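Position in the sequence shown (first residue = 1) + 21 = the numbering used here. Notes for the one structure printed next.
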Amino acid sequence: MAQPTVAFLHPDLGIGGAERLVVDAAVGLQQRGYNVLFYTSHCDPSHAFEETQDGTLEVDVSFDWLPRRLLGRFWLLCTIVRMLLVTLRLVWRHAWSKERVLDAVVVDQLAVPIPVLHLFGIKVLFYGHFPDKLLAPHDTIAQSLYRLPLDWLEQFCTERAEVVVVNSNFTARVFREVFPGADLELRVLYPPVNTAAFELDADLSPCEYWDGAARKFFLSINRYERKKNVELAIDAFKKFLESCDPSEDVHLVIAGGYDDLVLENKQYKQELMGAAEAAGVSGRVHFLCSVSRELKHALLLRCEAVLYTPSNEHFGIVPVECMYMRKPVVAVSSGGPTESIVDGETGFLREADADQWAEAMRQLLE
Numbered sequence: 022m023a024q025p026t027v028a029f030l031h032p033d034l035g036i037g038g039a040e041r042l043v044v045d046a047a048v049g050l051q052q053r054g055y056n057v058l059f060y061t062s063h064c065d066p067s068h069a070f071e072e073t074q075d076g077t078l079e080v081d082v083s084f085d086w087l088p089r090r091l092l093g094r095f096w097l098l099c100t101i102v103r104m105l106l107v108t109l110r111l112v113w114r115h116a117w118s119k120e121r122v123l124d125a126v127v128v129d130q131l132a133v134p135i136p137v138l139h140l141f142g143i144k145v146l147f148y149g150h151f152p153d154k155l156l157a158p159h160d161t162i163a164q165s166l167y168r169l170p171l172d173w174l175e176q177f178c179t180e181r182a183e184v185v186v187v188n189s190n191f192t193a194r195v196f197r198e199v200f201p202g203a204d205l206e207l208r209v210l211y212p213p214v215n216t217a218a219f220e221l222d223a224d225l226s227p228c229e230y231w232d233g234a235a236r237k238f239f240l241s242i243n244r245y246e247r248k249k250n251v252e253l254a255i256d257a258f259k260k261f262l263e264s265c266d267p268s269e270d271v272h273l274v275i276a277g278g279y280d281d282l283v284l285e286n287k288q289y290k291q292e293l294m295g296a297a298e299a300a301g302v303s304g305r306v307h308f309l310c311s312v313s314r315e316l317k318h319a320l321l322l323r324c325e326a327v328l329y330t331p332s333n334e335h336f337g338i339v340p341v342e343c344m345y346m347r348k349p350v351v352a353v354s355s356g357g358p359t360e361s362i363v364d365g366e367t368g369f370l371r372e373a374d375a376d377q378w379a380e381a382m383r384q385l386l387e
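Here is the structure:
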């Protein structure tokens with residue numbers, strides 16, 4: 022009996038939570054005997070998970086030469102065009118092939134490929150991280166008019182999938198609120214944690230990345246994006262230091278996904294560095310970009326606790342990874358973390374208030 026074949030369609034194989042999820046899912050399917058293929062329009066070797074670069078997964082990158090934006094705008098429109106072409110390439114390679122027949126395709130982030138795949142009788146599972154409709158501004162008339170057909174298209178295409186799963190009960194509620202008339206039977210499928218990635222020998226000292234001293238530190242792991250609200254960690258750290266003994270040598274490490282092609286990443290890192298300077302804690306706040314798997318493991322192993330700052334996070338894989346490493350997490354009491362963290366046992370759930378966070382940090386060091 023031939024091994025079943027599953028393809029993954031993903032717009033940009035970077036190093037975010039969505040990418041971690043689909044890569045782990047693909048590796049898991051491979052371990053169960055499936056043939057797995059990845060199709061994407063972009064995968065930068067210097068900004069991608071190791072499994073997509075070391076031969077673990079077969080990754081097909083095409084149409085990367087097409088623009089990601091037009092005049093600095095229309096990112097979604099450009100992404101739709103790129104992914105439709107990638108979908109047609111997938112169909113061309115598999116629809117008429119007797120050797121590489123697809124049993125199913127996993128689509129995530131962008132639902133537009135689904136109707137195209139259905140035209141050729143290919144079954145689809147759609148993984149909804151969060152409605153794209155809520156990730157884009159609708160503040161002006163021009164923005165609303167631009168998004169009107171795109172928002173309709175998102176709902177139309179999502180409804181065409183045989184199976185639609187989402188990453189949390191919070192996200193499921195949001196999907197139902199945003200698409201009230203949609204014919205969607207949503208199932209919750211929590212993102213997995215690749216536990217093997219945390220069984221490494223952590224002989225790498227993270228402290229070497231600042232001045233070599235073995236110090237206590239809190240850790241923040243997030244992409245350098247404004248919606249992650251990393252300023253909260255800096256403000257809370259400042260208030261925490263104000264209540265500490267001056268001789269207490271505690272630091273804050275901010276380790277974030279960073280891509281030179283993303284202007285927001287560059288701008289937000291500079292803003293955070295400025296915030297640390299303005300708070301008078303720049304000497305104790307350290308910024309790391311796109312850390313390796315080994316360094317991330319070492320940071321988690323040696324930190325005192327993790328500060329997870331986003332509000333209304335769709336799921337948030339970082340808290341789960343931290344708890345697997347037996348590290349407490351301070352997170353905002355909204356969204357996905359309320360489904361993964363047991364307040365007072367595996368961490369603290371608090372409002373997005375620096376004073377509350379500073380108090381939680383003090384409790385963790387007592």
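Heads up, the beta-carbon is just placed ideally off N, CA and C, and yes, glycines get one too. Quick caveat: nothing in here was measured; it's all calculated off a predicted structure.
Query	Result
Consult DSSP for G277 and reduce its assignment to one of helix, strand or coil.	strand
I need the boundaries of the alpha helix (DSSP H) containing G49, first residue and last residue.	38-52
When the Cα atoms are used, what is the spatial distance from Y329 to V127?	29 Å
Ignoring anything shorter than 4 residues, give me the alpha helix (DSSP H) runs that lie fully in the segment 238-272, in order along the chain.	252-263
Among the residues of its own chain, which have a CB less than 7 Å from the CB of D364, if the five just before and after it don't count?	L370
Can you tell me whether R90 is helix, strand or coil according to DSSP?	coil
State yes or no: is the C-beta of A182 within less than 8 Å of the C-beta of R168?	no
How many Å lie between F84 and R114 at the Cα?	15 Å
Figure out for me which residue from A326, L171, A381, H318 has the closest Cα to the Cα of S264.	A381
Determine the DSSP secondary structure at A326, reduced to helix, strand or coil.	strand
Thinking just about the alpha-carbon of each residue, which of Y289, L42, E325, N286 is nearest to the one in Q130?	L42
Taking the continuous alpha helix (DSSP H) assigned at F177, which residues delimit it?	162-179
Cα separation between R197 and K237?	44 Å
Tell me A369's beta-bridge partners as DSSP assigns them.	In the sequence under discussion, the amino acid at residue 369 is Phe, which differs from the Ala named in the question. F369 is bridged to V351.
By Cβ distance, which residues of its chain are closer than 8 Å to N190, with the 5 residues on each side in sequence left out?	V209, E360
Give a yes or no on whether the C-beta atoms belonging to C343 and V327 are separated by under 8 Å.	yes
For P66, which of L106, V185, D280, L262 has the nearest alpha-carbon?	D280
Which stretch, first to last residue, makes up the beta strand (DSSP E) that contains E79?	79-82
Would you report the Cα separation of E79 and A116, rounded to the nearest angstrom?	18 Å
Need the endpoints of the beta strand (DSSP E) that C64 sits in, please.	Here C64 belongs to no beta strand (DSSP E), and DSSP marks it neither H nor E.
Mind checking whether L146 and T108 have CB atoms under 8 Å apart?	no
For a test of the three-state rule: what should DSSP assign to F29, helix, strand or coil?	strand
Using a Cβ distance threshold of 8 Å, determine whether the segment 256-275 contacts the segment 211-222, with at least three qualifying pairs required.	no
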